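Asks:
Number of protein chains: 2
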Amino acid sequence: MSRIVMKFGGTSVGSVDRINHVSSIVKSEFDLGNQVVVVLSAMAGETDKLINLTKDLSDNFLASEYDVVISSGEQVSAGALSGLLNSQGVKAQSRLGWQIPIVTSGDHKSSRIEAIHSKDLINLLESNVVVIIPGFQGVNSEGRITTLGRGGSDTSAVAIAAAIDADFCDIYTDVDGVYTSDPNKVPTAKRLDKISYEEMLEMASLGAKVLQTRSVETAMNNDVVLRVLSSFSDLGEDKKGTLVCSEDSIADKKIVTGVAASTNDAKLTLTGIKDKPGVAADILGELADNGINVDMIVQNISGDRKTTDLTFTVPKDEFTKAKTLMENLSSNLSYKDLIVDSNIAKISIVGVGMRSNAGVASQMFRILSQNNINIDVISTSEIKISVLINKELTEKALNTLHDHFELGKAS
Amino acid sequence: MSRIVMKFGGTSVGSVDRINHVSSIVKSEFDLGNQVVVVLSAMAGETDKLINLTKDLSDNFLASEYDVVISSGEQVSAGALSGLLNSQGVKAQSRLGWQIPIVTSGDHKSSRIEAIHSKDLINLLESNVVVIIPGFQGVNSEGRITTLGRGGSDTSAVAIAAAIDADFCDIYTDVDGVYTSDPNKVPTAKRLDKISYEEMLEMASLGAKVLQTRSVETAMNNDVVLRVLSSFSDLGEDKKGTLVCSEDSIADKKIVTGVAASTNDAKLTLTGIKDKPGVAADILGELADNGINVDMIVQNISGDRKTTDLTFTVPKDEFTKAKTLMENLSSNLSYKDLIVDSNIAKISIVGVGMRSNAGVASQMFRILSQNNINIDVISTSEIKISVLINKELTEKALNTLHDHFELGKAS
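Heads up: the sequence lines are chains A and B, in that order. Just so we're aligned, residue 1 is where the first sequence starts under our numbering, counting upward by one. Just so we're aligned, residue 412 is where the second sequence starts under our numbering, counting upward by one.
1) Would you kindly work out how many angstroms separate the C-alpha atoms of A/Lys-321 and A/Leu-329, rounded to a whole number?
2) Could you say if the segment 114-125 of chain A and the segment 44-56 of chain A meet the contact criterion of at least three C-beta pairs nearer than 8 angstroms?
3) Is there a Cβ from chain C that is less than 8 angstroms from the Cβ of A/Ser-94?
4) Could you round the C-beta distance between B/Val-447 and B/Val-569 to whole angstroms and report it? I think they count as a contact, below 8 angstroms.
5) Does A/Ala-162 come out as helix, strand or coil in the three-state DSSP assignment?
6) Hey, is B/Tyr-477's beta-carbon within less than 8 angstroms of any beta-carbon in chain A?
7) Out of B/Val-798, B/Val-771, B/Glu-793 and B/Glu-803, point me to the one whose CA is closest to B/His-815's CA.
8) Leaving out the 5 sequence neighbours to the left and right, which residues in its chain are closer than 8 angstroms to B/Ser-745 when beta-carbon positions are compared?
9) Checking contacts by CB at 8 angstroms: is B/Phe-472 closer than that to chain A?
10) Return the first residue and the last residue of the alpha helix (DSSP H) that A/Arg-214 is part of.
11) Given B/Tyr-583, which residues of its chain have a CB within under 6 angstroms of its CB, disregarding the five upstream and five downstream residues?
12) Is B/Arg-625 closer than 8 angstroms to B/Thr-566 when the C-beta atoms are compared?
13) Where DSSP assigns a beta bridge to B/Ile-784, which residues make up the other side?
14) Among all the DSSP beta bridges, which residues are the ones paired with A/Tyr-179?
15) Could you tell me which chain B residues have their CB closer than 9 angstroms to the CB of A/Thr-54, listed as they occur along the chain?
16) Measuring only the C-alpha atoms, how far is A/Asp-59 from A/Ser-181?
17) Hey, out of B/Asn-768, B/Arg-766 and B/Ile-789, whose CA is closest to B/Phe-776's CA?
18) Mind checking if A/Val-16 is an interface residue toward chain B, Cβ cutoff 8 angstroms exclusive?
19) Report the three-state DSSP secondary structure of B/Gln-510 (helix, strand or coil).
20) Classify A/Met-43 as helix, strand or coil using the three-state DSSP reduction.
21) Any idea what DSSP makes of B/Ser-673, helix, strand or coil?
22) Report the rounded CA-to-CA distance for A/Asn-128 versus B/Glu-457, giving the unit in angstroms.
23) Among B/Gly-490, B/Ala-574, B/Asp-748 and B/Val-705, whose alpha-carbon lies nearest the alpha-carbon of B/Thr-718?
24) Return yes when the C-beta of A/Thr-188 is under 7 angstroms from any heavy atom of the ligand COA, and no when it is not.
25) Starting from B/Asn-801, trace the beta strand (DSSP E) both ways and give me its first and last residue.
26) With DSSP as the reference, identify every bridge partner of A/Ile-301, one or two as the case may be.
27) For A/Tyr-197, write down the residues that DSSP places opposite it in a beta bridge.
28) Sort B/Gly-764, B/Ala-677 and B/Met-765 by Cα distance to B/Asn-754 and report the nearest one.
29) Return the CA-CA distance between A/Ala-92 and B/Leu-473, expressed in angstroms with no decimal places.
30) Taking the straight line between their C-alpha atoms, what separation do you get for A/Leu-211 and A/Thr-242?
31) Output, in sequence order along the chain, the residues in the segment 429-442 of chain B whose CB is closer than 9 angstroms to any CB in chain A.
32) In this structure, does DSSP put A/Tyr-66 in helix, strand or coil?
33) Have a look at A/Asn-34, A/Thr-104 and A/Gln-137 and flag the residue whose alpha-carbon is nearest the alpha-carbon of A/Ser-71.
34) Just tell me which of A/Ile-250, A/Leu-40, A/Gly-89 and A/Leu-50 has its CA closest to the CA of A/Phe-30.
35) I'd like to know whether the C-beta atoms of B/His-813 and B/Thr-599 end up nearer to each other than 8 angstroms.
36) Using the Cα positions of A/Ser-94 and A/Asp-234, report the straight-line distance between them to the nearest angstrom.
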């Protein structure tokens, strides 16, 4: 007997047929003798419909009432699945955020879970009742409905798994696991059987969309074992999926686990800045003060040695704002030219094995240069190396690196 | 300064435009210095959509989860209007059934309101906050969401008005009041300025759809003054509407206030029943035991004086069930023939003045017979006289009676 939290995303409950399929998956886990909590997203499209309603009413819609409107989507899917399971002979009960309660911070639209009262949930599980919980929602200390921000259902599932000490938190989605690279761009991409939390975090932040960064963090901090599984496979099929767990649980540590591309950044270069102490800090400080997240940064001494060039990347949707800020810098932060470029891609290799293997970075740079792919900016972390390249070369770079590090081979 | 509960139905909040119009109506009441609570139905069509979802999932959908799914419709409109009002500079807050709480009986799909905690509501009103409450929903003693059954939003509004001791409970709908008869059938029908609870109850039970019977009962029992108003009139216009209040508040008591038709019944006649004591009671008991509501009943001695004929009406949707029951009566309740007829209409005149005016019934029968309209069955209450006639003659009977009792005249 295991205690399992099963989370299903919006496409998994997107129609009456899909809800029926989810019901069969839940029933089969329950019939194996497991204790089951199900966490659901809203039916695909419903959240967008509700968001559009608030937007159509006002472009300045109050956040606390936004949460009242939007949280109804998950309420519908939770009630729907619970009603269906009961009609199929499985005892189930829905529990909304305020009923459990899932207590969150006071802020709306992007609340954080602070506490989950697990007693009632565990009582229900011990009485063989399947508990159905809408994801993404909670209640704050004033008793008002809150939501966790987009993708918050994953976080709900992981936090609930931690609160009830579940053996597994199964994230059902429309793909059957985490891949070594994006299969749409890299035909030889392979599903990973296991990946560490740290690697998953880096992959998620690079746009591997199977899991939200926040939910992986929560899992890591609470030792919740995640399984990424497909809700679209047939019932009889073996559950393949990907296990996301601590590094210690992975015997065969690869140097490079995955290679990912992100095209969500834009690059700004200021040339001919007067080279005096603190100038880069002042310029970047201006961006931080305006809430713009700077990702990669590189500073070069220019030819005359009295000035310097500063290059950095920002999220594409902050690009115009960042450009305006740079154009209006105070006079003591003068520069010669502002060069902007949004035709870039960030290519990253990720792997916990890098910690104990020197020379991975140089291998990466050499193999790219041998293939005539110019590297623009480099940034590294303990388990990740990222480079900026021309966006047109994204697929070539991904496939070249995927081949070189033999990620397509059977493990 | 008045304390007002304003209730808007589904068509009144059926689109972004309509919600904007409701917001203007609420704002104009609030700007007059009134304390305002708003009770809302779900946006038109949403409840049916949600009901269909549960039906598509199972024809045996659990009632407690049905309530979780269906109540989300009103939650959306409450959050939507509250968010909009705030963006227009009116401080508003939504309060869902469980937040107030509106405590109901334990049964689902057709709960009854048992208590409304008014303290928080009154505090908000005294702080000049408009409170927006989804109608139709509550929470039972187990902390689970309940609904009041179709049309329950009117009942919510009246019960809330009673709980906070409101001066008025304004029911906004798509017509501008209660009419002397159905204007679609009687061109000279006139809007009533005032009508008593008792008359309104009779009119509502006869199919005048502006108010639900249960909400009128609740208003009558709690002395809540109702105003039926149109949410479709322009803002500048005079609020006409109809006041629904106690008989004592109506100075000019008319003998006949309204004339209504209902075509929701079917008629069954058993001929040649053995005329012995208790036989009618046994036959009607059989119907009652099977949950069938019998409306009009008449028993005649037949020609031979040893047998009798029994005629009664039942709701059309119970007709087949009633017929089957009659065909399978036990042998000691034998009869000669069963004659069934669903081509009938019940025509009623309603008025508190009948109490003190004899001869209204005979006037009604005479005027119908003078116009060649045959009367089949008669039933009377203190303030209502109903007759069964051929359905094809409905409009003729309505107009004839409407003219005779001078209901189209300016009062």
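C-beta atoms are modelled at their ideal positions from N, C-alpha and C, and glycine is treated no differently. The model shown is predicted, which means the values in this text are computed figures rather than measured ones.
Replies: Answer, in terms of the structure:
1) On the first sequence, position 321 is the one that residue 321 of chain A refers to. On the first sequence, position 329 is the one that residue 329 of chain A refers to. Each residue's Cα considered, the two are about 13 angstroms apart.
2) no
3) You won't find chain C in this structure, because its protein chains are A and B.
4) Mapped onto the second sequence, residue 447 of chain B falls at position 36. Mapped onto the second sequence, residue 569 of chain B falls at position 158. At roughly 16 angstroms, the Cβ-Cβ gap does not stay under 8 angstroms, so B/Val-447 and B/Val-569 are not in contact.
5) The residue you call residue 162 of chain A lines up with position 162 of the first sequence. Three-state DSSP puts A/Ala-162 in a helix.
6) Here residue 477 of chain B refers to the residue found at position 66 when the second sequence is read from its first residue. In terms of beta-carbon proximity, B/Tyr-477 lines the interface with chain A, with at least one pair separated by less than 8 angstroms.
7) In the second sequence, residue 815 of chain B corresponds to position 404, counting from 1. Ranking the options by Cα distance to B/His-815, first place goes to B/Val-771.
8) Locating residue 745 of chain B in the second sequence gives position 334, where the first residue counts as 1. Correct list, in chain order: Ile-684 and Lys-685.
9) Taking the second sequence and counting its residues from 1, one reaches residue 472 of chain B at position 61. Closer than 8 angstroms: yes.
10) Numbered from 1 along the first sequence, position 214 holds the residue referred to as residue 214 of chain A. Looking at the DSSP string, the run of the alpha helix (DSSP H) that includes A/Arg-214 is 213-222.
11) In the second sequence, counting from the first residue as 1, residue 583 of chain B sits at position 172. Excluding sequence neighbours, B/Tyr-583 sits near Phe-419, Ser-423, Leu-640 and Ser-642.
12) Position 155 of the second sequence, counting from 1, holds the residue named residue 566 of chain B. Position 214 of the second sequence, counting from 1, holds the residue named residue 625 of chain B. If you check the CB distance, B/Thr-566 and B/Arg-625 come in under 8 angstroms.
13) The sequence position of residue 784 of chain B within the second sequence is 373, counting from 1. DSSP output for B/Ile-784 lists no bridge partner at all.
14) What you label residue 179 of chain A is simply residue 179 of the first sequence in a count that begins at 1. In DSSP, A/Tyr-179 forms a bridge with A/Arg-191.
15) Numbered from its first residue, the first sequence carries residue 54 of chain A at position 54. Neighbours of A/Thr-54 on chain B, chain order: Gly-490, Ala-491, Gly-494 and Leu-495.
16) Residue mapping note: residue 59 of chain A aligns to position 59 of the first sequence, counting from 1. Residue mapping note: residue 181 of chain A aligns to position 181 of the first sequence, counting from 1. Roughly 38 angstroms between the two C-alpha positions.
17) Here residue 776 of chain B corresponds to residue number 365 of the second sequence, with the count starting at 1. That would be B/Ile-789, whose Cα lies nearest to the Cα of B/Phe-776.
18) Numbered from its first residue, the first sequence carries residue 16 of chain A at position 16. It does: the Cβ of A/Val-16 has a partner Cβ on chain B nearer than 8 angstroms.
19) Taking the first residue of the second sequence as position 1, residue 510 of chain B is located at position 99. B/Gln-510 falls in the coil class under three-state DSSP.
20) Numbered from 1 along the first sequence, position 43 holds the residue referred to as residue 43 of chain A. Residue state, collapsed to three classes: coil.
21) By one-based count along the second sequence, residue 673 of chain B stands at place 262. If DSSP states are grouped into helix, strand and coil, B/Ser-673 belongs with the strands.
22) As a first step, residue 128 of chain A is located in the first sequence; it is residue number 128 there, counting from the start. As a first step, residue 457 of chain B is located in the second sequence; it is residue number 46 there, counting from the start. Each residue's Cα considered, the two are about 34 angstroms apart.
23) Counting from 1 along the second sequence, the entry for residue 718 of chain B is found at position 307. It is B/Asp-748 whose Cα lies nearest to the Cα of B/Thr-718.
24) Absent from the structure shown: the ligand COA. Ligands present: none.
25) Within the second sequence, the letter at position 390 stands for residue 801 of chain B. Segment 795-801, the beta strand (DSSP E) holding B/Asn-801.
26) Counting from one through the first sequence, the residue named residue 301 of chain A turns up at place 301. Looking at the DSSP assignment, A/Ile-301 forms a beta bridge with A/Thr-308.
27) Residue 197 of chain A sits at position 197 when you count from the first residue of the first sequence. Residue pairing by DSSP leaves A/Tyr-197 without any beta bridge partner.
28) Residue 754 of chain B sits at position 343 when you count from the first residue of the second sequence. It is B/Ala-677 whose Cα lies nearest to the Cα of B/Asn-754.
29) Here residue 92 of chain A refers to the residue found at position 92 of the first sequence. Here residue 473 of chain B refers to the residue found at position 62 of the second sequence. Computed Cα separation, rounded: 10 angstroms.
30) The residue given as residue 211 of chain A occupies position 211 in the first sequence. The residue given as residue 242 of chain A occupies position 242 in the first sequence. C-alpha separation (whole angstroms): 11 angstroms.
31) Ile-430, Asn-431 and Ser-434
32) For the purposes of this step, residue 66 of chain A is taken as the residue at position 66 of the first sequence. Helix.
33) Residue mapping note: residue 71 of chain A aligns to position 71 of the first sequence, counting from 1. Nearest to A/Ser-71 by C-alpha distance, out of A/Asn-34, A/Thr-104 and A/Gln-137, is A/Gln-137.
34) Numbered from 1 along the first sequence, position 30 holds the residue referred to as residue 30 of chain A. Among A/Ile-250, A/Leu-40, A/Gly-89 and A/Leu-50, the Cα nearest to that of A/Phe-30 is on A/Gly-89.
35) Translated into positions along the second sequence, residue 813 of chain B becomes position 402. Translated into positions along the second sequence, residue 599 of chain B becomes position 188. Cβ atoms of B/His-813 and B/Thr-599: closer than 8 angstroms.
36) Your numbering for residue 94 of chain A matches position 94 in the first sequence. Your numbering for residue 234 of chain A matches position 234 in the first sequence. Answer to the nearest angstrom: the Cα atoms are 26 angstroms apart.
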